Amino acid sequence: MTDKSHDPNQMTGAAMIVRALIDHGVQHLFGYPGGAVLPIYDEIFQQSEVEHILVRHEQGAGHAAEGYARSTGKPGVVLVTSGPGATNMVTPLTDALMDSIPLVCITGQVPTHLIGNDAFQECDTVGITRPCTKHNWLVRDVNDLAKVLHEAFYVATTGRPGPVVVDVPKDVQFATGTYHPPRKSDVHVSYTPRVKGDAAQIRKAVALLAGAKRPVIYSGGGVINSGREASKLLRELVEVTGFPITSTLMGLGAYPATGKNWLGMLGMHGTYESNMAMHDCDVMLCVGARFDDRITGRTDAFSPGSKKIHIDIDPSSINKNIHVDVPIIGDCANVLGDLLQVFKAEAKKPDIKAWWQEIAVWRARNSLAYKKSNEVILPQYAIERLFDATRGRDTYITTEVGQHQMWAAQFFGFEEPHRWMTSGGLGTMGYGLPSALGVQVAHRDSLVIDIAGDASVQMTMQEMSTAVQYELPIKIFILNNQYMGMVRQWQQLLHGNRLSHSYSEAMPDFVKMAEAYGAVGFQVFKPADLDGAIQDMIKVKRPVLFDCRVATLENCFPMIPSGKAHNEMLLPAEATDEATAAAFAGGKALV
Amino acid sequence: MNQPASAYFLEERRDPTEAHTLSVLVQNEPGVLARVIGLFSGRGYNIESLTVSETESQKHLSRITIVTTGTPMVIEQIKHQLDRMVPVYRVVDMTLTGRSMERELAMVKVRGGGDNRVEALRLADAFRARVIDATTESFVFEITGNTGKINQFIDLMRPLGLVEVSRTGVAAIGRGPEGM
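Residue numbers (numbering that gives the first Met the number 0), protein chains in the order written: chain E, 0 to 590; chain Y, 0 to 179.
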């Protein structure tokens with residue numbers, strides 16, 4: 000019999016949590032203390048292996064962890080208290096669920112005997128977070144804690160990644176029990192994500208690809224989540240087949256923007272050539288994307304003449320919005336590897352010269368064109384200049400949500416995966432600034448820029464204080480048009496130009512705001528001053544708020560109007576008031 | 000047809016709907032039923048009937064039988080959405096297998112006298128319903144069968160003095176020697 004007091008695996012619940020983080024290789028933790036997590040914070044205080052980043056609001060912790068996860072491929076870890084700490088995490092958890100980002104969120108809970116009593120800072124955390132997590136647990140016994148924590152990391156990071164919550168009552172944190180390192184039996188036997196694609200389906204896919212006359216590859220965030228190998232294999236597939244490739248917002252960077260087969264992003268604000276290629280193709284290979292409504296446009300007119308192959312790790316993504324002919328369930332890298340092998344052994348590069356000629360005609364429409372000005376900075380121009388200034392640098396981009404996000408996706412070219420962090424599925428304004436924090440924590444010496452809008456950035460502005468505290472030199476590049484631009488754009492297009500509450504009548508002075516936080520502020524009005532200011536911003540080794548005053552009424556084109564198909568895009572050159580009004584169902588006069 | 004101005008593509012779907020019976024084998028742990036029900040309410044799926052009980056206590060397994068309706072695409076979605084939940088072992092579409100039996104149990108209280116009382120007893124006998132409680136002015140019948148048979152019995156009892164009904168919901172199992 001061993002003396003339990005000397006057993007190194009005997010420890011408190013709070014100590015188990017920190018120990019489990021270390022065992023899972025966690026180096027950084029984003030959080031905010033409170034009554035129900037004090038024992039865990041006490042343990043964090045007494046160690047140095049895990050660095051804790053103190054945010055200013057729990058939502059900031061969540062988005063920072065998302066940026067951290069998205070840019071590293073490792074899970075982001077969050078620690079918050081019960082009640083409001085947990086409810087403030089609902090937005091980032093939902094965001095992570097929609098975009099398949101691995102997060103492990105540990106929440107404190109009131110002591111077990113008070114659960115259900117409406118105790119101070121109590122909420123039904125597992126109930127509230129059930130629909131916004133991949134899975135969650137309430138741990139009532141300290142001896143279950145190690146198993147649950149290990150399972151949480153496993154569930155978050157395997158299969159289709161996603162957020163998980165482990166809710167730990169305060170008495171469980173204080174109680175002593177037995178810890179064990181991660182082991183296979185920690186996971187539900189019912190949880191068995193499929194990684195390897197079905198060989199027969201892969202053969203069918205290769206046969207379709209080999210016979211294609213007008214093929215297109217449509218890749219998504221799943222390729223990024225699958226890891227660098229998946230992006231490498233995707234590039235090889237494009238090389239071997241010679242097929243054109245487009246990508247969703249979430250998939251940018253998997254194939255390089257300078258690659259010769261790149262069509263640009265697809266979807267509502269995608270390029271004309273990519274959407275036309277999607278519409279007119281005869282074989283579509285969808286890799287790690289989910290036929291989201293921003294991608295498909297009108298579903299009954301979506302790519303009507305094509306055979307569709309869909310590679311996805313989540314069976315529930317198959318046939319959800321669009322019926323596909325050859326579904327392949329598995330991990331992108333795994334399936335792409337097998338598919339390439341079969342293609343190379345059994346198929347030749349199809350001759351698709353005629354298809355490329357058609358694409359060239361669409362491309363010549365220059366759907367991203369905009370009118371430049373010497374007087375005011377066009378938002379598109381600002382992003383082009385920012386992109387130009389950061390070429391060849393080790394750069395990571397995050398965004399908020401709105402027009403600036405779409406312009407960033409259109410005008411900033413990504414050469415590598417994991418360089419682009421944006422809230423795609425949930426569309427969370429306020430995502431970009433804390434996300435940039437998380438990216439910078441993981442990549443201390445890299446250039447991390449949040450391309451922001453003036454409205455979004457004010458939703459999580461308080462995290463500038465975190466950036467200053469931890470000397471995280473994030474650059475917040477605000478395209479300031481003084482409007483909620485995308486809201487206004489829709490009001491102009493769909494609601495008779497009645498700009499209901501989409502104008503910020505009291506804009507803060509972002510330069511003074513930066514200074515108040517102890518950061519650096521810039522403000523630019525004229526195109527001629529832009530390049531110099533961007534260079535100065537990059538040189539500063541401190542957090543920056545960059546107030547880039549842009550044309551106030553510029554709108555984001557091209558665009559697929561609601562209820563329309565891919566081949567009914569509205570191009571910028573054609574987006575006169577009359578054409579725009581006619582393009583929208585029940586069109587109203589635009590001013 | 001003009002649709003209202005919207006940031007979403009509004010489409011009316013008019014595919015015919017079908018009723019399916021799903022058997023779902025789950026780990027019996029706190030919150031598992033809430034997860035399943037939350038999935039249905041959160042994604043706008045229908046629940047016509049839901050029956051749940053632990054079936055193998057040593058392995059902590061529960062079996063949930065759900066009768067749902069939807070278009071074939073929605074039914075497919077429901078099965079995949081259920082299957083990807085962490086505590087779900089298996090989802091079997093009993094309707095698709097075509098080799099399943101469905102039963103539910105109902106307790107039916109009927110109050111009345113005279114000819115109605117005699118008629119209720121006679122019908123109960125025809126439906127093989129048992130009398131499990133009786134007073135001089137009422138009966139409680141216990142009846143098992145598929146949903147259609149029970150509906151029919153209840154309809155017949157209505158004019159004879161139906162007071163209330165308690166039903167278990169559908170349980171289903173496949174024919175033949177194989178388990179699910």
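Note that beta-carbon positions come from the ideal geometry of N, C-alpha and C, so glycine has one too. Nothing here was measured: the structure is a model prediction, and the numbers come from that model.
Every alpha helix (DSSP H) of 4 residues or more that sits fully in the region 275-332 of chain E is shown, in chain order, as 292-295. For G37(Y), the chain E residues whose C-beta falls within less than 7 angstroms of its own C-beta are R129 and P130, listed in chain order. For D166(E), the enclosing beta strand (DSSP E) begins and ends at P162 to P168.
Taking a C-beta cut-off of 7 angstroms against chain Y, the contacting residues of the region 464-498 of chain E are W489, L493 and H494, listed in chain order. Under the 7 angstroms criterion on CB atoms, N566(E) is classed as non-interfacial with respect to chain Y. Per DSSP, E228(E) lies in no beta strand (DSSP E); the unbroken alpha helix (DSSP H) holding it starts and ends at R227 to T240. Per DSSP, I149(Y) lies in no beta strand (DSSP E); the unbroken alpha helix (DSSP H) holding it starts and ends at T146 to M156. Close to G43(Y), with beta-carbon spacing below 7 angstroms, lies no residue of chain E; the smallest spacing is near 13 angstroms. For N318(E), the residues of chain Y that pass the 7 angstroms Cβ criterion are M72 and E75, in the order they occur in the chain.
The beta strand (DSSP E) runs lying completely inside the region 502-587 of chain E and spanning 3 residues or more are 519-523 and 543-548, given in chain order.
E17(Y) is the residue among G178(Y), E177(Y) and E17(Y) whose C-alpha sits nearest the C-alpha of L95(Y). Judged by DSSP in its simplified three-state form, V186(E) adopts coil rather than helix or strand. Counting of Cβ neighbours within 10 angstroms places E504(E) among the exposed residues, the total staying below 16. With respect to Q481(E), T398(E) sits apart: the two C-beta atoms are not nearer than 7 angstroms.
Restricted to the region 71-103 of chain Y, the beta strand (DSSP E) segments that are unbroken, complete and at least 3 residues in length are 87-92, listed in chain order. Exposed is the label assigned to F44(E), since fewer than 16 other Cβ atoms lie within 10 Å of its Cβ. Taking every protein chain shown into account, the CB of S22(Y) has 16 or more other CB atoms within 10 angstroms, so this residue is buried. For M179(Y), the three-state secondary structure derived from DSSP is coil. Taking all protein chains shown into account, T295(E) has 16 or more neighbouring C-beta atoms within 10 Å of its C-beta and is therefore buried. With respect to S99(Y), G178(Y) sits apart: the two C-beta atoms are not nearer than 7 angstroms.
Beta-bridge analysis with DSSP links P214(E) to V282(E). For Y7(Y), the number of other beta carbons within 10 angstroms of its own is below 16, and it is reported as exposed.
V85, P86, V87 and Y88: these are the residues of the region 85-98 of chain Y whose beta carbon lies less than 7 angstroms from some beta carbon of chain E, given in chain order.
By the CB criterion at 7 angstroms, A229(E) and C331(E) fall inside the cutoff. Note that the C-beta distance between V79(E) and G126(E) is not below 7 angstroms. Residue range A198 to A209 is occupied by the alpha helix (DSSP H) that includes R202(E).
Closer than 7 angstroms to the CB of P101(E) there is not a single CB belonging to chain Y. Ranked by Cα distance from I477(E), the options Q468(E), Q457(E), N496(E) and R418(E) are led by Q457(E). The way I'd put it, the region 331-347 of chain E does touch the region 306-314 of chain E; three or more beta-carbon pairs between them come closer than 8 angstroms. In this structure, M97(E) sits away from G401(E), with a CB-CB distance that is not shorter than 7 angstroms. For D82(Y), the neighbours in chain E by C-beta distance under 9 angstroms run, in chain order, P314 and S315. Counting the other Cβ atoms within 10 Å of the Cβ of F413(E) gives 16 or more, which makes it buried. Residue pairing from DSSP places T398(E) in a beta bridge opposite I450(E).
DSSP places A125(Y) in the helix class (H, G or I) of the three-state scheme. Put simply, the backbone Cα of K540(E) is about 8 angstroms away from that of L471(E).
Per the DSSP secondary-structure output, V130(Y) pairs in a beta bridge with F140(Y).
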